[in-house]
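Following: one structure in structure tokens, then a few remarks.
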Amino acid sequence: MSDNYDVVVAGAGPAGAQCARDLADRGYDVVVLETETAAEFPARSDKSTGGTFASMMTAFGIPDDVVMHATDAVVLESPSDHFVQDQPGFVLDFPAFKQFLVDDGRAKGAEYRFDARVRDPIVEEGSVVGVRYNGDETVYGDIVVDATGPAAPLAKELGVVDLERRNHAIGIEYQFEGVELDHPDYADLTDAMMLRLDHDFAPGGYSWIFHTGGDTAKVGVCYIQNERYREHASDERTVDSYLEHWLDSDPRFAEASRVESTQVRGSAHVQPPGSMSTDSFVAIGDTVPSVDPVWGEGIDKGMRSARAAAMTADRCLTGGVDTSREAMAVYDDLWHERVAPRQERRLFMTRLLYLVPNERYDRLMRDLNALDRETLSKVNEGSRRHILGLLSPSDLSYLWRYVREFTLPV
């Protein structure tokens, strides 16, 4: 087992595993350090709803055998209304998806070290040259990639990211049997992924039902903990008790029961990423957060950031090694171009969705149903014209209350 590699990747989630997969496919020596033991991985680190779209599956060659269920539509719900958009999607078996990425990366030549808890970066003469893990064990590489998610031990130590607690979102999910997906009082959720905007069940966030086949579905809630987002909260409920409140209140769950051992807990940050690289180092995936403002989809963003990091490493290690800060900054450019273009506008829309009161959600559904069917997709892409088409003066006055904390897009 070598101690010197072209690239050292910390974290075997989708972003880390995809980065290693791409680099190994290009012929680089790459090692991945993963905190979980080989016996625990990947089921214990299941931290995603697993919802994604056909573009991700095609772009990264993901096989159908990691899909729990293919869906035909996405649905937005408000307390009293809903909007349906035809859009093929996939609900992944997330542990199987992660295992595929690891296995395929290994087949291409990537090395994995499990039970390897990353401690801090090794820095010499201002450049990152390796990683310490499990106390004093070390591994060295020309480039180091932090794909550890919000923990970000390497990126935080290097001052590359600053994940602020006020932007921290938490979530919980279970899989259920006996869900009435075609309840007459709601949109038909058969073969659909649904997000509900309703502060009664997820103040400052959203809840969801993702059909996983038959009468089963993934059901969960997620919200930002900041007190300004939580102004719509009615009491001191925890994320668990908000989910229980929804389950008790929604007739679609009247006959539903939890599937054992399907609990998923996760966290993310809703904020601009800031810096993403420095000498010999890049941060990817949820370590540099990106929010899909409408669908909350994060798998595609993480995978795209992984590919951008692999492309950057390939460029910096080809024809003479140049891993200076300036050379590594190519990753930042690729991220803003290919991972999350128009990020400030898209983040603005995310904050709008999570901050406005319930009655505004109902009006949003009416507006979406009255407008062109492409409006929502264009908003999600950060189209200024389409975002402005959904806004009203009351939205701007409401967001002005948060001017001390948020910078509006220009």
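Quick note: the sequence shown uses my numbering, first residue 385, plus one each step. Backbone N, C-alpha and C define an ideal beta-carbon position, used for all residues, glycine too. Since this is a predicted model, take the numbers as computed values, not measurements.
Item	Value
Compare the Cα-Cα distances from alanine 404 to each of Met452, Arg580, Asp470 and Ala494 and report the closest residue.	Ala494
What are the start and end residues of the beta strand (DSSP E) that includes threonine 759?	Run containing threonine 759: none in the beta strand (DSSP E); it sits in the alpha helix (DSSP H), 759-764.
Check the C-beta distance from alanine 640 over to glutamate 461 and give it rounded, since I have them as a contact under 8 Å.	Not really, about 17 Å apart at Cβ, beyond 8 Å.
Let me know the secondary structure DSSP gives alanine 571 once reduced to three states.	coil
Kindly indicate which three-state DSSP category aspartate 498 falls into: helix, strand or coil?	Looking at the sequence itself, residue 498 is phenylalanine, so the reference to aspartate does not match. Coil at phenylalanine 498, not helix or strand.
Hey, how far is the Cα of valine 705 from the Cα of valine 528?	14 Å
In angstroms, rounded to a whole number, what distance separates the CA positions of valine 799 and arginine 636?	Shown here, the chain extends from 385 to 794; a query on residue 799 therefore has no answer.
Short of 6 Å in beta carbon distance, which residues of its chain neighbour threonine 419, apart from the five on each side in sequence? Order them along the chain.	Arg501
Ordered along the chain, which non-local residues of its own chain (more than five positions away) have a Cβ less than 8 Å from that of aspartate 387?	Thr522, Val523 and Tyr524
Are the CB atoms of phenylalanine 478 and serine 432 nearer to each other than 8 Å?	yes
Would you grab the beta carbon distance between alanine 394 and leucine 542 for me? Rounded to a whole angstrom, and I think it's under 8 Å.	Wrong, their Cβ atoms sit about 12 Å apart, outside the cutoff.
Once DSSP output is grouped into helix, strand and coil, what is the label at aspartate 582?	coil
Quick check on glutamate 681: buried or exposed, where buried means 16 or more other Cβ atoms within 10 Å of its Cβ?	buried
Buried or exposed: where does proline 725 fall if 16 or more other Cβ atoms within 10 Å of its Cβ makes it buried?	exposed
Would you mind working out which of Asp566, Val486, Pro463 and Pro534 sits nearest proline 426, comparing C-alpha positions?	Val486
Could you tell me the alpha carbon to alpha carbon distance between alanine 587 and tyrosine 517, rounded to whole angstroms?	Residue identity differs from the one stated: residue 587 is proline in this sequence, not alanine. Looking at the two C-alpha atoms, the distance is approximately 38 Å.
Taking the alpha-carbon positions, what's the glutamate 644 to valine 563 distance?	15 Å
Could you have a look at isoleucine 668 and say whether DSSP puts it in helix, strand or coil?	coil
So what does phenylalanine 637 bridge to, in DSSP terms?	In DSSP, phenylalanine 637 forms no bridge with anything.
At which residue ranges does the segment 644-713 contain complete alpha helix (DSSP H) runs of 4 or more residues, listed in the order of the chain?	683-701 and 709-712
Mind checking arginine 691: buried by the 16 CB within 10 Å criterion, or exposed?	buried
If contact is defined by three or more beta carbon pairs under 8 Å, each pair taking one atom from either stretch, is the segment 698-713 in contact with the segment 546-564?	no
Excluding five sequence neighbours on each side, which residues of the same chain lie with their C-beta closer than 7 Å to the C-beta of leucine 627?	Ile556, Gly604 and Val605
Going by DSSP, which residues form a beta bridge with cysteine 606?	Gly555 and Tyr590
Straight-line CA distance for threonine 600 to glycine 434?	14 Å
State buried or exposed for proline 568, treating a residue as buried only when at least 16 other CB atoms are found within 10 Å of its CB.	exposed
For aspartate 756, is the classification buried or exposed, using 16 other Cβ atoms within 10 angstroms of its Cβ as the cut-off for buried?	exposed
Reducing DSSP to helix, strand and coil, say where alanine 438 ends up.	helix
Pull up the distance between the alpha-carbon of valine 794 and that of tryptophan 719, whole angstroms please.	Residue placement at valine 794 cannot be trusted, given a pLDDT of 39 that sits under 50; the coordinates are not used to answer.
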